[in-house]
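Novice: Okay, here's the structure, questions in a sec.
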Amino acid sequence: MAFREYKIGCIMFGIALSTSMFVTIFLPGLDISRIGSTEEALKKQLTYGWESAFNYYDPFLLGKDKPIKVVLTKDPETGKPIDKTEAYVFTAGTHFPDGLTHDNIMGTKQLALSKSKGLLAQATEKRGGVFLVDVDVTTGVPYVEFATATKGWQVAATLKAADVRIHAGSGKTMFIREGCWWCHTLLPEETQDWQSFGRPPVTGDFNGESPTSFGSDRKGPDLLHVGSRNSSREWMTMHFFNPRLVQPHSIMPRFNYLWGKADINGKVIDRQKWDRDFMAYARGDTPYPPAVPIPARNSEARYIIDFVLNLK
Amino acid sequence: MLKYLLAKEEDIPQGSAAIFFGVSSICWFIIGTGLGSFNASKLAFPDFFHNVYWLQFGHMRQVHVHAVIFGWIAMAFAMSMLYITPALGNTKLWSEKLAVWNCLLYNVGLCLALALLWSGMTSGREYSDHIWPIDLYIAFVMVVPWSLNVWMTILNRRTQGIYTTNWFFAASMFMLIIIFLIGNLPEFFHLTGLNEAYMTWWFAHNVLGLLITPVAAAITYYIVPKVTGNPLYSHRVGHLHFWAIVVFYSTPAAHHLMSSPLPEWLKSFASVEGVLILVPAIAYICNIMLTMQGKWTMFVTNIELKFALTGVFLAIPLNMQGGFQQTRAINWYIHGTGWIVAHAHLALLGFSTFAEASAVYYGMQVLLRRKLYSYSLANFHFFMLLIGFSLYWISMTIAGLIQGAAKIYEVPYLDVVIAEHPYMIVRWLGGTMVFLGNITWLWNMYMTARVGTVVPVGRLPHELAYER
Ligand code: HEM
Ligand code: HEM
Chain A
80 MAFREYKIGC
90 IMFGIALSTS
100 MFVTIFLPGL
110 DISRIGSTEE
120 ALKKQLTYGW
130 ESAFNYYDPF
140 LLGKDKPIKV
150 VLTKDPETGK
160 PIDKTEAYVF
170 TAGTHFPDGL
180 THDNIMGTKQ
190 LALSKSKGLL
200 AQATEKRGGV
210 FLVDVDVTTG
220 VPYVEFATAT
230 KGWQVAATLK
240 AADVRIHAGS
250 GKTMFIREGC
260 WWCHTLLPEE
270 TQDWQSFGRP
280 PVTGDFNGES
290 PTSFGSDRKG
300 PDLLHVGSRN
310 SSREWMTMHF
320 FNPRLVQPHS
330 IMPRFNYLWG
340 KADINGKVID
350 RQKWDRDFMA
360 YARGDTPYPP
370 AVPIPARNSE
380 ARYIIDFVLN
390 LK
Chain B
3 MLKYLLAKEE
13 DIPQGSAAIF
23 FGVSSICWFI
33 IGTGLGSFNA
43 SKLAFPDFFH
53 NVYWLQFGHM
63 RQVHVHAVIF
73 GWIAMAFAMS
83 MLYITPALGN
93 TKLWSEKLAV
103 WNCLLYNVGL
113 CLALALLWSG
123 MTSGREYSDH
133 IWPIDLYIAF
143 VMVVPWSLNV
153 WMTILNRRTQ
163 GIYTTNWFFA
173 ASMFMLIIIF
183 LIGNLPEFFH
193 LTGLNEAYMT
203 WWFAHNVLGL
213 LITPVAAAIT
223 YYIVPKVTGN
233 PLYSHRVGHL
243 HFWAIVVFYS
253 TPAAHHLMSS
263 PLPEWLKSFA
273 SVEGVLILVP
283 AIAYICNIML
293 TMQGKWTMFV
303 TNIELKFALT
313 GVFLAIPLNM
323 QGGFQQTRAI
333 NWYIHGTGWI
343 VAHAHLALLG
353 FSTFAEASAV
363 YYGMQVLLRR
373 KLYSYSLANF
383 HFFMLLIGFS
393 LYWISMTIAG
403 LIQGAAKIYE
413 VPYLDVVIAE
423 HPYMIVRWLG
433 GTMVFLGNIT
443 WLWNMYMTAR
453 VGTVVPVGRL
463 PHELAYER
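Structure follows, in structure tokens:
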């Protein structure tokens, strides 16, 4: 070995590098993993599902393998009116987020409650089911309730009874694929963003989310709470089709291709014509801009708009 | 190139692989900066080419980043290592054939990786955007063979000691493989949440700090003494630089996430270690500057030194900026603004690109055994890069400060966008100058290979006078 003269050096190098990794990976890993999920984290996971970027079940990032969030005002089983409830529907075979399958990601207290009160142990990916996020009144600990076991809510019945279906899980996949996170952060800063962008997240808020896609450079506003600032679906629809329609100075790209071929009524979308009409409007030749098509129910545009509006 | 793939080891001329890597790196430099310039145009004029959906900013940004990092920077590194390591060991490359294959598979892999990124197949993690099968390909097909060549050549050296440059080369390649495999653990094993976010930046930080910074420095450790003829000022200070990099640069990864809810001790620790990176930085810069003693005229008269030293000069503001911007007192102001983009380009387009360009200029002449075709063209290239980069850096820094001010005064975001517009245009113009400069470089290299004066046996290219 011709590194012989450098034996001490090589050993020192090994020690230095492993110590460094011990301090910067192992210890923080322990510290971060110690913290259980917050309510926010449980909701996020049940909304976004297992993985939002490249994975075996959705290699082309089309928004597959995702739960659907629904808003209920009547009990799907009995049909009786109930308080407005958000439920998360996992159709059979949809993969569970890591928080449901890894005990330390959920957190000890959260897990105990989810098992005792939420009957979580009965849930399987194969059969799917409906989930709720509850908070224990006495301790304030959040937990997951498997409503299919506790209340008998079945997947099909819940989807049918739902007032709205929110495809925010598929929308997060679009968010990753379309690179929204190169321009928008999902992380209001602790120092000065409270006023403009809302509450910064706390440590437990990310448990089980993958990828977290905080974003590092901002060229647009932070989006973590954008749904509370602006909850207008019409505005979002116009803004995604062509941001210059509502914000003449915006530098956000157009996302009109996410609409696909046809709009919600099956009418074919002619983008060239739309552009010509828009240019006529921009020059002042016509008083009104062309109408923006409403995205079809399973279009990618619908997903991304659901995702953004769901960021409360 | 293809004919060497199946040739016998002895039949492949020494240095072939390095030449292939050099030419590829220049081509990728042109492609990468072209993409960068296109992206910049989209940020200045968003409706430019808006009907071509696959030219969306969100799809192209990571393609630019990876084309320049893996295409230009890493391939220029590979080229430098493949000719500098044997030269310093007074021996030949361990396996020229492996290196030729490596170069081919590197280019194929990179094209594939960029195509997948472009189509939107991404892991959603900045700097480790590649999907995990590509990560494994990069680690085992692109990086391991390259490292083997470097390590084995050093083991087979015919000199007694190992020169500073070679410690850096050997150690960086080792660290790169470790970082690649550990930094991508979240993808291999589906780690989630803050652990995933932190590992993403652990990876990104260490790729910058344990590959790009030390190797770019190591290159100047070779070029400056070689071309000036002065011995390196101090081997000891080189030691200090090396160990300080290993200890201080591998630890502050969390300074990229200062505004996230990571444990406070980790952020403070990272902040302190980050300031300590000034130790290797100062050691390095002093060492090179002192090596130049008595030879400063060559900074003006010699193109390799002009590039190498400009790189070293740019490392001064880079490290000052880095050391201070990651303290809590300053980070909250500039985090997530154009300032960081300016810092990133000062590091990669300034410091490391200039250092590498010197190695590629020098290496191509040594390997082709031909004197540079035109000094004037090279000078033109140098100034296009320098002025283009300066425009980029200044405009983005100002844009970043505006964004920072807007953060504290809670200015509506649209006003920030409007205020940044002129700087976005300047950045685009600056970047385009870099791109155009690079095209003249490729031409210059092509002409060098065709009609450059042959360097006589026993002489080195820098000993000959420039002709044009
Ligand atoms: C004393 C030395 C340095 C320190 C302490 C330092 C610190 C930092 C910090 C804290 C950030 C993140 C800022 C933020 O997002 O708030 C950053 C970003 C960056 N640094 Fe440095 N830096 C140093 C030198 C370098 C060098 C030598 C390189 C490369 C050769 C480099 C490349 C980068 C890049 C590419 C980014 C952008 C990362 C992104 O995409 O957000 N830095 N640096
Ligand atoms: C070899 C030279 C270059 C290297 C190594 C390089 C590297 C990078 C890196 C690391 C980033 C990510 C920055 C961050 O997230 O903080 C980036 C972004 C970018 N680069 Fe470059 N770059 C180079 C040349 C150029 C050129 C010539 C242009 C042309 C204008 C350019 C335009 C851009 C743009 C527009 C972005 C997006 C920045 C943003 O998000 O605001 N780059 N580049």
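If you're matching them up, the sequences are chains A and B in order.
According to the working numbering, the first sequence holds residues 80 to 391 in order.
According to the working numbering, the second sequence holds residues 3 to 470 in order.
Glycine included, C-beta positions come from ideal geometry on N, C-alpha and C.
Small disclaimer: the values here were computed from a predicted structure and weren't measured.
1) I want to verify the contact list: residues of chain A whose CB lies under 7 Å from the CB of B/R127, in sequence order.
2) What is the residue span of the beta strand (DSSP E) that A/G208 lies within?
3) Can you tell me which of B/L403, B/V436, B/A380 and B/Y6 puts its alpha carbon nearest to the alpha carbon of B/E469?
4) Please report the residue range of the alpha helix (DSSP H) in which B/A421 lies.
5) Hey, would you say the C-beta of B/G406 is under 7 Å away from at least one heavy atom of ligand 1?
6) A/K86 versus chain B: which residues are under 7 Å apart at the beta carbon?
7) Relative to the alpha-carbon of B/K297, which residue among B/Y286, B/Y235 and B/V343 has its alpha-carbon at the smallest distance?
8) Using the rule of at least 16 other Cβ atoms within 10 Å of the residue's Cβ for burial, across every protein chain shown, is A/E130 buried or exposed?
9) Is B/G211 buried or exposed, if buried means 16 or more other CB atoms sit within 10 Å of its CB?
10) Leaving aside the five residues before and after B/L466 along the sequence, list all residues of the same chain whose C-beta is less than 8 Å from its C-beta, in chain order.
11) Residues in the same chain with beta-carbon distance under 6 Å from B/V146, minus the five sequence neighbours each way, listed in chain order, please.
12) So with CB distances below 8 Å, who are the chain B contacts of A/W338?
13) Distance, Cα to Cα, B/H207 vs B/H258?
14) Is the beta carbon of A/Q201 sitting closer than 8 Å to the one on A/F225?
15) Around the C-beta of A/T237, are 16 or more other C-beta atoms found within 10 angstroms, so that it is buried, or is it exposed?
16) Could you tell me the boundaries of the alpha helix (DSSP H) in which B/F182 lies?
17) Alpha carbon to alpha carbon, how far is A/G197 from A/I161?
18) Quick one: is B/Y448 buried, meaning 16 or more other Cβ sit within 10 Å of its Cβ, or exposed?
19) Return the chain-ordered list of same chain residues with a C-beta closer than 8 Å to the C-beta of A/M80, the five sequence neighbours on each side being excluded.
20) Relative to the alpha-carbon of A/I373, which residue among A/T264, A/F293 and A/H318 has its alpha-carbon at the smallest distance?
21) So, do the segment 28-44 of chain B and the segment 335-342 of chain A have three or more beta carbon pairs nearer to each other than 8 Å?
22) Should A/K123 go down as buried or exposed, given a rule of 16 or more other Cβ atoms within 10 Å for buried?
23) Could you work out which residues of chain A lie near B/E198, taking near to mean beta carbons separated by less than 9 Å?
24) How about B/H243: is its C-beta nearer than 8 Å to some C-beta of chain A?
25) Counting only C-beta atoms, is B/K409 closer than 8 Å to chain A at any point?
26) Under the criterion of a Cβ to heavy atom distance below 7 Å, does B/G324 qualify as lining ligand 1?
27) Does the distance between the C-beta of B/A359 and the nearest non-hydrogen atom of ligand 1 fall short of 7 Å?
28) Are the segment 179-194 of chain A and the segment 132-144 of chain A touching, with three or more C-beta to C-beta distances below 8 Å?
29) Flag B/I279 as yes when its Cβ comes closer than 7 Å to any non-hydrogen atom of ligand 1, and as no otherwise.
30) Would you mind telling me which residues of chain A sit closer than 7 Å to B/Y415, beta carbon to beta carbon, in chain order?
31) Quick one: using the 10 Å Cβ neighbour count with 16 as the cut-off for buried, is B/E422 buried or exposed?
32) Between A/T252 and A/G142, how many whole angstroms is the CB-CB distance? I'm expecting something under 8 Å.
33) Please tell me whether A/V281 has its Cβ less than 8 Å away from any Cβ of chain B.
34) Does chain C have any CB closer than 8 Å to the CB of A/W261?
35) Measuring only the C-alpha atoms, how far is B/L116 from B/A310?
36) Check whether the segment 265-272 of chain A touches the segment 354-361 of chain A, taking contact to mean three or more Cβ pairs, one atom from each stretch, closer than 8 Å.
Specialist: Taking the coordinates as given:
1) What you label residue 127 of chain B is simply residue 125 of the second sequence in a count that begins at 1. At a beta-carbon threshold of 7 Å, the residues of chain A lying near B/R127 are P290, ordered along the chain.
2) Here residue 208 of chain A corresponds to residue number 129 of the first sequence, with the count starting at 1. Secondary structure note for A/G208: its beta strand (DSSP E) is the uninterrupted segment G208 to V214.
3) Mapped onto the second sequence, residue 469 of chain B falls at position 467. Comparing Cα-Cα distances from B/E469 to each of B/L403, B/V436, B/A380 and B/Y6, the minimum goes to B/A380.
4) As a working mapping, residue 421 of chain B is identified with position 419 in the second sequence. Y415 to V453 is the span of the alpha helix (DSSP H), which, as asked, contains B/A421.
5) As a position in the second sequence, residue 406 of chain B is number 404, starting the count at 1. No, since every heavy atom of ligand 1 falls outside the 7 Å radius drawn around the Cβ of B/G406.
6) In the first sequence, the residue the question calls residue 86 of chain A occupies position 7. Contact of A/K86 with chain B by beta-carbon distance below 7 Å is absent, the smallest such distance being about 13 Å.
7) Counting from 1 along the second sequence, the entry for residue 297 of chain B is found at position 295. For the residues B/Y286, B/Y235 and B/V343, the minimum Cα distance to B/K297 belongs to B/Y235.
8) Residue numbering aside, residue 130 of chain A sits at position 51 when the first sequence is read from its first letter. When all chains shown are included, A/E130 counts as buried.
9) Locating residue 211 of chain B in the second sequence gives position 209, counting from the first residue. Taking a 10 Å sphere around the C-beta of B/G211, we find 16 or more other C-beta atoms and assign the residue as buried.
10) Here residue 466 of chain B refers to the residue found at position 464 when the second sequence is read from its first residue. Only K373, T455 and V457 meet the Cβ criterion.
11) To locate residue 146 of chain B, count along the second sequence from 1; it is residue 144. Excluding sequence positions up to five before and after B/V146, its CB lies less than 6 Å from no other CB in the same chain.
12) Indexing the first sequence from 1 puts residue 338 of chain A at position 259. Near A/W338 there are no residues of chain B at all, since even the closest Cβ is about 11 Å away, more than 8 Å.
13) Start at 1 with the first residue of the second sequence, and residue 207 of chain B comes out as number 205. Start at 1 with the first residue of the second sequence, and residue 258 of chain B comes out as number 256. In this model, B/H207 and B/H258 are separated by some 8 Å (Cα to Cα).
14) For this step, residue 201 of chain A is matched to residue 122 along the first sequence. For this step, residue 225 of chain A is matched to residue 146 along the first sequence. Yes, Cβ-Cβ distance for A/Q201 and A/F225 is below 8 Å.
15) Stepping through the first sequence from its first residue, residue 237 of chain A is reached at position 158. Under this definition A/T237 is a buried residue.
16) Reading the second sequence from its first residue, position 180 is the one you call residue 182 of chain B. B/F182 -> alpha helix (DSSP H) spans T166 to G185.
17) Start at 1 with the first residue of the first sequence, and residue 197 of chain A comes out as number 118. Start at 1 with the first residue of the first sequence, and residue 161 of chain A comes out as number 82. Looking at the two C-alpha atoms, the distance is approximately 19 Å.
18) Counting from one through the second sequence, the residue named residue 448 of chain B turns up at place 446. Label assigned to B/Y448: exposed.
19) As a position in the first sequence, residue 80 of chain A is number 1, starting the count at 1. In this prediction, A/M80 has a pLDDT of 45, which is less than 50 and means its spatial position is unreliable; nothing more can be read from the coordinates.
20) Mapped onto the first sequence, residue 373 of chain A falls at position 294. Ranking the options by Cα distance to A/I373, first place goes to A/H318.
21) These segments do not touch.
22) Position 44 of the first sequence, counted from the first residue, corresponds to residue 123 of chain A. Taking a 10 Å sphere around the C-beta of A/K123, we find 16 or more other C-beta atoms and assign the residue as buried.
23) Locating residue 198 of chain B in the second sequence gives position 196, where the first residue counts as 1. By Cβ distance, chain A contributes F285, E288, S289, P290 and T291.
24) Translated into positions along the second sequence, residue 243 of chain B becomes position 241. Output row for B/H243: interface = no.
25) For the purposes of this step, residue 409 of chain B is taken as the residue at position 407 of the second sequence. B/K409 has a beta carbon lying within less than 8 Å of a beta carbon in chain A.
26) Walking along the second sequence from the start, residue 324 of chain B turns up at place 322. B/G324 Cβ: within cutoff of ligand 1.
27) Along the second sequence, read from residue 1 onward, the residue named residue 359 of chain B stands at position 357. No, the beta carbon of B/A359 sits no closer than 7 Å to any heavy atom of ligand 1.
28) The segment 179-194 of chain A vs the segment 132-144 of chain A: no contact.
29) Numbered from its first residue, the second sequence carries residue 279 of chain B at position 277. Yes - ligand 1 has a heavy atom lying nearer than 7 Å to the Cβ of B/I279.
30) The residue labelled residue 415 of chain B in the question sits at position 413 within the second sequence. Correct list: G299 and P300.
31) By 1-based counting over the second sequence, the position of residue 422 of chain B is 420. Counting every other CB atom within 10 Å of its CB across the protein chains shown gives B/E422 a total of 16 or more, marking it as buried.
32) Here residue 252 of chain A refers to the residue found at position 173 of the first sequence. Here residue 142 of chain A refers to the residue found at position 63 of the first sequence. The pair is a contact, with the Cβ atoms about 4 Å apart (cut-off 8 Å).
33) For the purposes of this step, residue 281 of chain A is taken as residue 202 along the first sequence, with counting starting at 1. For A/V281, the answer is yes, since a Cβ of chain B falls inside 8 Å of its Cβ.
34) The structure shown contains no chain C; the protein chains it does contain are A and B.
35) Counting from 1 along the second sequence, the entry for residue 116 of chain B is found at position 114. Counting from 1 along the second sequence, the entry for residue 310 of chain B is found at position 308. The alpha-carbon atoms of B/L116 and B/A310 are separated by roughly 29 Å.
36) Not touching, per the Cβ criterion.
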